[in-house]
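Top line first, the protein sequences correspond to chains A and B.
Heads up: the first sequence is residues 4 to 116, going by this note's numbering.
Heads up: the second sequence is residues 3 to 115, going by this note's numbering.
The C-beta atom is built at its ideal place from N, Cα and C for all residues, glycine as well.
Below is one structure, written out as structure tokens; the observations come after it.
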Amino acid sequence: AQSVTQLDSQVPVFEEAPVELRCNYSSSVSVYLFWYVQYPNQGLQLLLKYLSGSTLVESINGFEAEFNKSQTSFHLRKPSVHISDTAEYFCAVSDPGVNDMRFGAGTRLTVKP
Amino acid sequence: DTEVTQTPKHLVMGMTNKKSLKCEQHMGHRAMYWYKQKAKKPPELMFVYSYEKLSINESVPSRFSPECPNSSLLNLHLHALQPEDSALYLCASSSAFTTGELFFGEGSRLTVL
């Protein structure tokens, strides 16, 4: 099964600053990649996904992630964060056609005023 | 509002009790999942049902018994649990073998005394 590594367990930033949350996955073969966000005491919500095609994917709330096959990375970025972006962010990977999504350890993003 | 509904939201049980967690979705998804999430940890895959058949069992102890009565329902039967089984149990569903994207419920928080 695939695996992902999130390089930062906690990322504190000030409001309106840019942020990057890093994610590397284990294999260079075909994969599906995802970023999920989890607010306290809630389930996980899909932020964005890469299945194929354009390597840059965007979410409706300003986040974007770039699939880099040579570096096996799928880092999440936002040019200007808000207090409301404070949450736990999980990178996830699955094999196409196999229902076995695996999550990274998570990155706690804390946005300070 | 989430389209995956989990009940109960909170459950407290003793080590000799028998209880069940329930999950329901009406999105026509044919794959359903149970994940276990400990505090400040990522979700860990427990079971996957595909077309009402158990397709993945991640070596989960037999005190956890999954059941998929039909394509919309998923149960997790609990018996003789240990305090270390206390966690957030997340149900998810996906359109099998297509995008791999999971839709999560808000979870059932289980406390074993």
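Rounded distance between the beta-carbons of residue j and residue i, thought under 8 Å
i      : j      : result
B:L104 : B:S96  : 5 Å
A:N102 : B:S52  : 6 Å
A:Q18  : A:P116 : Inspection of the sequence shows that residue 18 of chain A is occupied by Glu rather than by Gln. Rounded, the Cβ-Cβ distance is 5 Å, consistent with contact.
A:F106 : B:P44  : 4 Å
Residues bridged to residue i (per DSSP)
i      : result
B:V14  : B:T113
B:N77  : B:K24, B:E69
A:P15  : A:T113
A:S76  : A:N27, A:N71
A:R105 : A:V96
B:S52  : B:A33, B:K55
Beta-carbon gap between residue i and residue j smaller than 8 Å
i      : j      : result
A:V40  : A:L50  : yes
B:S74  : B:E108 : no
A:T110 : A:V34  : no
B:S110 : B:L13  : yes
B:L78  : B:V114 : no
B:G102 : A:P43  : no
A:Y28  : A:F93  : no
A:Q9   : A:A90  : no
Residue i versus residue j: straight-line alpha-carbon distance, rounded
i      : j     : result
A:A95  : A:L36 : 6 Å
A:V84  : A:A68 : 15 Å
B:M29  : B:S22 : 23 Å
A:L112 : A:S12 : 9 Å
A:F70  : A:L47 : 21 Å
B:E86  : B:L80 : 13 Å
B:K38  : B:C93 : 9 Å
B:N72  : B:V6  : 15 Å
A:W38  : B:C70 : 28 Å
B:V62  : B:W36 : 11 Å
B:A33  : B:S64 : 22 Å
Interface flag, residue i vs chain D, CB-CB below 8 Å
i     : result
A:P99 : Among the protein chains of the structure shown, namely A and B, there is no chain D.
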